[in-house]
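Chemist: The structure follows.
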Amino acid sequence: MNTPQHIIAGLRAAWEQPGAGRNPYSSRALRPIAHGPEDQITPDGTENPLWDIVRWMPAEPGPGGGLRPTAVHDAFPSPLATALSDMGASRHHLTTRYAWSIPTPGDIRWIAEQLGGRAVVEIGAGTGYWAWQMEQAGIGVAAYDPHPVAHDNTYCKAGPYSTVRRDDATAVKHHADRALLMVWPPYGARCAREALEMYEGDLFLYAGEGDSGCTADDAFYDLLAAEWEQTSAAERHVTWSGIHCRLRAYHRKDGAR
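Every letter in the sequence shown is one number past the one before it in numbering that gives the first Met the number 0, and letter 106, counting from 1, is 105.
As structure tokens, this is what we get:
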């Protein structure tokens, strides 16, 4: 398995090649996030290998501004792109090894601001990558997932990066004093709705797509619209090209529950 440093070195070398960033089938020019105005630097004393790789991936302008990382085959000649993908510079590799939603340094600062010193309960924590990022920022996290990371786990093949306890959505009932976090709950699954329904606190942080997107189910979004009000969104959240992930904060509506 290639290390993050190896993948980054491969991407950096690829950008030095003639024609890098120019797709012969498109007029769009691609570039890395690294060293550009959209760049975010991992704070000293912390580690964020997913973000450190993503910032060197090819990226294209998003519809709402900013850059969105995309496939290496969009920016580099086929033999080189295939080598990079085999090395681990691909969305599939990075999502299953680290996290399905990208936690940027700006995201973690934003989460800390929303919490105001509170701790977090994360349901469906997967590899524990988001929990690890928050813990490095001094945030207390109780992370849960019913499925261990494993080679035959379709969603989480590496880690865990933090302590992830084996439990399902019912674990949220023990943490009413904490903010609830869910990151990219599986499409069509009931667990997101069940966790939100059982949660008795008042602050919900959510990284995923919106209604009719590829996360959670319709019942989850119906409950979210009925009982919760969006109060903030992370402006520096970065999502993959073609993926409409947002990181938002919600507070329970007056009179709900």
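C-beta: ideal position from N, C-alpha, C; glycine also.
Every value quoted in this text rests on a predicted model; they were computed, and no experiment measured them.
Since I52 and I7 should fall inside the 8 Å C-beta cutoff, what is the C-beta to C-beta distance between them, to a whole number of angstroms?
Modeler: 6 Å
Chemist: On the three-state DSSP scale, how would you describe L246?
Modeler: Judged by DSSP in its simplified three-state form, L246 adopts strand.
Chemist: Would you mind listing the alpha helix (DSSP H) stretches within the segment 205 to 251 that are 4+ residues and don't spill past its ends, in chain order?
Modeler: 217 to 226
Chemist: State the Cα-Cα distance for the pair P48 and G254, rounded to the nearest angstrom.
Modeler: 42 Å
Chemist: Could you check where the beta strand (DSSP E) with V140 kicks off and where it finishes?
Modeler: Counted as a single uninterrupted DSSP element, the beta strand (DSSP E) harbouring V140 occupies residues 140 to 143.
Chemist: In the DSSP assignment, what residue or residues form a beta bridge with V182?
Modeler: A206
Chemist: Looking at G158: is its Cβ nearer than 8 Å to the Cβ of Y128?
Modeler: yes
Chemist: Taking 7 Å as the cut-off, is the CB of G139 close to at least one heavy atom of the ligand ZN?
Modeler: This structure simply doesn't include the ligand ZN, nor any ligand for that matter.
Chemist: If you drop the 5 nearest sequence neighbours on each side, which residues of the same chain put their C-beta closer than 6 Å to that of G187?
Modeler: D216
Chemist: Tell me the start and end of each unbroken alpha helix (DSSP H) in the segment 3 to 32 that is at least 4 residues and wholly inside, in chain order.
Modeler: With a minimum length of 4 residues, the continuous alpha helix (DSSP H) runs that stay inside the segment 3 to 32 are 3 to 14.
Chemist: Return the chain-ordered list of same chain residues with a C-beta closer than 6 Å to the C-beta of W99, the five sequence neighbours on each side being excluded.
Modeler: W183
Chemist: Can you find the residues in the same chain that come closer than 7 Å, C-beta to C-beta, to W55, ignoring five residues on each side of it along the sequence?
Modeler: Excluding sequence neighbours, W55 sits near I7, L10, R11, P31, A33.
Chemist: For L66, which residues does DSSP report across the bridge?
Modeler: P60
Chemist: Which one of A19, D38, A74, R21 has the shortest CA to CA distance from V237?
Modeler: D38
Chemist: In chain order, what residues of the same chain have a beta carbon less than 6 Å from the beta carbon of A248, not counting five sequence neighbours either side?
Modeler: Q113, L204, T230, S231
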